[in-house]
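Since the structure comes first, as structure tokens, the remarks are kept for the end.
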Amino acid sequence: QEGAGCGGGEHLTQVKMTSAVAHFDETFVRKFIHMLDKTNGRDKLYRTIIYGSRLLRWTIQKTTGVEYKFLKIIEDHLSDSRKVFRLLKWLSNFRALVVKSLPSTFLEFVDHLRHFSLFVYYLYDQFIWMAKIGLVRLDRKALGLRAGKWWLLSLICGICLNVSALQKINQKLDQEKAQQGVSLQNLENPNIRALLAKRQTESVKIVKNIFDSPLAVINANGWKDRAGPGFIGFFGLVSSLAGMRLQWPK
């Protein structure tokens, strides 16, 4: 009987574990599909594959001396697909500039500058794509260098805004803890739960912008050959994963 009881307990534990795994798989798949329903979600997935394959291609070539050209083909095709996703994306930043009132504080000025930088960057990006498919006759290399400078400026502005937002969130968390005398691990408190979620989001944004910054410097100076696919692939993969985390459904 004792053996039967132990066996029944083990069976119940296995059933619970199987149910938990099945629930996790179902939730993960549902959220993944939901992310792919959005253009930004597909864009971030494509970007992750592009930089992941670039890093993988560099690793294989360094370790075996063999270059898998199909990985380069994947990068090129997905890169073109991303440019299609970003068509007219400059309109959202232009609208933000029009809707927002004139800046009255330094951070508001930085926010305006970030939107303006992204507006110019995505506009250049669209002309680069148009030149590539032959709709216009422009120097793609020169456009890429200019676009990289505006991208870098937008990232610097973004880091400043994210750090400032993170500081304010930490201050609110300290105030919440002092007023109510609760631990930050007390997730039953809705205010703390909301602030912790915002802190995580801002932290991920900082990671993304920091790892994007070297890529922007490379693009702005035409240093892709000097940097190499390994360096670009690593920084691009980390920033892309952070971007996917931001697009992941709550």
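Just so it is clear: in the sequence shown, position 89 is 89 by the working numbering, and no numbers are missing.
A virtual CB, placed ideally from N, CA and C, is assigned to each residue, including glycine.
What are the boundary residues of the alpha helix (DSSP H) that includes residue i?
| i | result |
| --- | --- |
| R114 | 106 to 132 |
| R137 | First-last for R137: undefined, no H or E at that position. |
| Y46 | 39 to 64 |
| L246 | 224 to 247 |
| E202 | 190 to 221 |
| K69 | 69 to 85 |
| S92 | 90 to 99 |
Can you give me the Cβ contacts of residue i inside the same chain, cut-off strictly under 6 Å, excluding the 5 residues immediately before and after it?
| i | result |
| --- | --- |
| R82 | D43, Y46 |
| F28 | none |
| V120 | W150 |
| L166 | E202 |
| C160 | V110 |
| S239 | K208, F211, D212 |
| A4 | A caution first: A4 carries a pLDDT of 48, below 50, which makes its placement in the model too unreliable to give a value. |
| A242 | V204, V207, K208 |
| Q1 | A caution first: Q1 carries a pLDDT of 49, below 50, which makes its placement in the model too unreliable to give a value. |
| N162 | E202, K205, I206 |
| A227 | I218 |
| T39 | F85 |
Between which residues of its own chain and residue i is the CB-CB distance below 7 Å, once the five residues before and five after are set aside?
| i | result |
| --- | --- |
| I60 | V66, Y68 |
| A96 | H115 |
| G41 | M35, Q247 |
| N191 | E176 |
| D76 | none |
| L118 | N93, S154 |
| A216 | G148, W151, L152, L155 |
| I234 | The question names Ile, yet the displayed sequence has Phe at residue 234. Contacts found: L55. |
| F100 | Going by the sequence as given, residue 100 is Lys instead of Phe. For K100, where only same-chain residues beyond five positions count, the Cβ hits under 7 Å are H112. |
Going by beta carbon distance, what residues of the same chain come within less than 8 Å of residue i, once the five residues before and after it are set aside?
| i | result |
| --- | --- |
| L123 | W90 |
| V84 | W129 |
| G158 | R114, K205, N209 |
| L136 | Residue identity check: residue 136 is Val in the sequence provided, not Leu. Result list for V136: F127, M130, in chain order. |
| N221 | L145, G148 |
Quiz item: Do the stretch 94 to 108 and the stretch 134 to 147 touch if we need at least three Cβ pairs shorter than 8 Å?
Solution: no
Quiz item: Is there contact here, the stretch 189 to 203 with the stretch 148 to 160, by at least three beta-carbon pairs under 8 Å?
Solution: no
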